[in-house]
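Report on the structure given below.
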Amino acid sequence: MRVLRLVGVAWWLQLKIRSRSAFDGLLSLLYPAFFATTIFMMFRQGDAAGPALLSAAVGSSAMGIWSAVSTTAAFALQTERRQGTLELLVLAPQPFALLLVPLTLSMATIGAYSMAATLLWGRLAFGIEIAIADPLIFVLSVVVTVFAIAMLGMLIAISSIRYRAAWALGSAIEMPVWLICGFLVALSDLPAWVRPLSSVLAPTWGVAAMRAAATGQSPWADLGWCLLTAAGYGLIATLVSRWMVHSARSHATLALS
Amino acid sequence: MTNLRIFFVGGLTSYRALFGWLSPWILIPTFLFTPLFQILLFVYIGRTAGVSDDRFFLIGNAVVNAAVPCLFAMGNTIGGERNAGTLPLLIASPASRVPLFLGRALPVILNGFLVAVFALVTGSLLLRVDIPPATWGGIAVAIAACSVSCTGLGLLGAAIALRVRETAVLSNIVLGILIVFAGVNVPIGAMPGWMQGVAEWLPMTHGIEATHDLAAGHRLGEVGGALLTELALGAFYALLGLGLLRWLEWESRAKATLDTA
């Protein structure tokens, strides 16, 4: 119960902090919308209609969730360091990895706004019929995907704690994940060697579940894999963070690396 | 003589400072890795959507990546000074603003050119897209024109940075506008009329179109008009940027808002 309260309160606080800058908020809506607009125009140009266009709309709208997390999560601990709050996080009487969950969850939540905005944009500007076969399960798939992407963000945040230019790493992995997780391109169209990599990335399963729920297929297997990979990230992040914090304490390098 | 010194030495010093910040840890993911993945992403989306050929997406996405250093580095000429606490010194200096900022633009133009050429060459090898060797000279000229015009737009962004703190956000928005409107992934002719009207006034549009024509076998002279338009747009935005910089600098002094933007 205390853990849930911690995550809930910190998530709300982080969400409010992230919503302070109107300029940043505008970017989190506009940047994925630029890509979605281009993609809608490409599919229109290719005379796509019906399920193909719906699938493109779902995939391109989900891109915003990942966009909101990739760069910001990679830079999250550098930001805490600059603000002088990293030490406080490390000293808190809770596992360090757990304290990062609300941080990246708030980023993914902002990505969910952009997902809704992109779907609305597709409907209003491009006349894409957003006929979701199973709206409740679709929303559940979005929630699970947001959570899974937040967990991946947490792993990235912890892994990049010693990398000063972490934002560049986060920015560089934005498009590869869009590509290899099948946001818009079927995994079967990618080279065979990419697929094992796709299968360990939670967004692959999350987007597949959303697409399945939208088109009336069963999303449960994809949702199960999505949660399983997210749990895997949580476990790895916990182990890595313990090692990182121990190393930073013993070498006294927390604020320096 | 002083102006020439400010132009060359000042520009180079500023660029080296920028590269102190742009360590290989930033340079490689941002300038080499991301452009290639942008090309691959849109090539695969193009195949899925059943439109155009790989060469179209390769050229559009490789050339538009020249805008990344041109927009972000120019925006950072003001934003970086503010972060380093040296903006008041820069503004207080008696140096003429034209050589001061144009000198900073010169290395950035070269940077943008090299990023786009790397993306185009590596992308064509990865995707096995055949671009005839005889066309590469003309394509290089077209990419250089795009880098110049985008740096002009970047100078406008640098001026706005006197009022806006989030220069990277601003540059991202401008880059997004270029990706949508400049014919990067959708041919200008396939866009609605109002979008074509906007595209006409953007850097990159004419340069990308010229690059497509050159890769298809047109001669440099045949695309000369498009390249001149591209350069004229760059000059227009650069002049606008210098004018805005002058006005905002005056306003910052008058209202004492230089470091509070």
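Here the protein sequences come in this chain order: A and B. Using my numbering, read the first sequence as starting at 4 and increasing by one per residue. Using my numbering, read the second sequence as starting at 3 and increasing by one per residue. A virtual CB, placed ideally from N, CA and C, is assigned to each residue, including glycine. Source: prediction; values computed, not measured.
Cβ pair residue i, residue j closer than 9 Å
i	j	result
residue 80(B)	residue 163(B)	yes
residue 180(B)	residue 204(B)	yes
residue 60(B)	residue 129(B)	yes
residue 181(A)	residue 43(B)	yes
residue 21(A)	residue 113(A)	yes
residue 240(B)	residue 169(B)	no
residue 233(B)	residue 147(B)	yes
residue 151(B)	residue 235(B)	yes
residue 60(A)	residue 39(A)	yes
residue 147(A)	residue 230(A)	yes
residue 183(A)	residue 197(A)	yes
residue 102(A)	residue 9(A)	yes
residue 133(A)	residue 43(A)	no
residue 156(B)	residue 75(B)	yes
residue 9(B)	residue 108(B)	yes
residue 156(A)	residue 111(A)	yes
residue 28(B)	residue 168(A)	yes
residue 201(A)	residue 185(A)	yes
residue 233(A)	residue 151(A)	yes
Cβ distance (whole Å) where residue i is taken to contact residue j below 8 Å
i	j	result
residue 187(B)	residue 62(B)	6 Å
residue 55(A)	residue 141(A)	That belief does not hold up - the Cβ atoms of residue 55(A) and residue 141(A) are roughly 18 Å apart, past 8 Å.
residue 100(A)	residue 244(A)	4 Å
residue 178(B)	residue 45(A)	Going by Cβ atoms, the distance from residue 178(B) to residue 45(A) rounds to 15 Å, so no, they are not a contact pair.
residue 34(A)	residue 70(A)	6 Å
residue 57(B)	residue 247(B)	Rounded, the Cβ-Cβ distance is 39 Å, inconsistent with contact.
residue 119(A)	residue 68(A)	11 Å between Cβ atoms; not a contact.
residue 107(A)	residue 153(A)	4 Å
residue 36(B)	residue 188(A)	So it is not a contact: roughly 18 Å between Cβ atoms.
residue 93(B)	residue 253(B)	Not confirmed; about 12 Å, so no contact.
residue 172(A)	residue 236(A)	Between residue 236(A) and residue 172(A) the Cβ distance is about 17 Å, and since that is not below 8 Å, they are no contact.
residue 65(B)	residue 213(B)	6 Å
residue 66(A)	residue 145(A)	So it is not a contact: roughly 13 Å between Cβ atoms.
Buried versus exposed, by CB contacts within 10 Å (16 or more), residue i
i	result
residue 123(B)	exposed
residue 23(A)	exposed
residue 95(B)	exposed
residue 256(A)	exposed
residue 47(A)	buried
residue 73(A)	buried
residue 203(A)	exposed
residue 40(B)	buried
residue 105(A)	buried
residue 26(A)	exposed
residue 97(A)	exposed
residue 196(B)	exposed
residue 223(A)	exposed
residue 31(B)	buried
residue 225(A)	buried
residue 117(A)	buried
residue 199(B)	exposed
residue 195(A)	exposed
residue 86(A)	exposed
residue 184(B)	buried
residue 194(B)	exposed
Three-state secondary structure assigned by DSSP to residue i
i	result
residue 213(A)	helix
residue 53(B)	coil
residue 188(A)	coil
residue 165(B)	coil
residue 14(A)	helix
residue 45(B)	helix
residue 53(A)	coil
residue 208(A)	helix
residue 74(A)	helix
residue 215(B)	helix
residue 2(A)	The structure shown has nothing for residue 2(A), since chain A only spans 4 to 260.
residue 253(A)	helix
residue 21(A)	helix
residue 27(A)	helix
residue 144(B)	helix
residue 225(A)	helix
residue 188(B)	coil
residue 77(B)	helix
residue 85(B)	helix
residue 67(B)	coil
Closer than 9 Å to chain D by CB, residue i
i	result
residue 179(A)	Of the protein chains in the structure, A and B, none is chain D.
> Does the pairing of the region 113 to 122 of chain B with the region 141 to 153 of chain B give three or more beta-carbon distances under 8 Å?
Replying inline: yes
>> Any contact between the region 225 to 236 of chain B and the region 82 to 90 of chain B? By contact I mean 3 or more CB pairs, one from each, below 8 Å.
In response: no
> Are the region 75 to 91 of chain A and the region 146 to 163 of chain A in contact at 8 Å, needing three or more beta carbon pairs?
Replying inline: yes
> Counting Cβ pairs, one atom from each stretch, are 3 or more of them under 8 Å apart for the region 95 to 104 of chain B and the region 193 to 209 of chain B?
Replying inline: no
> Are the region 122 to 135 of chain A and the region 200 to 208 of chain A touching by the rule of at least three beta carbon pairs closer than 8 Å?
Replying inline: no
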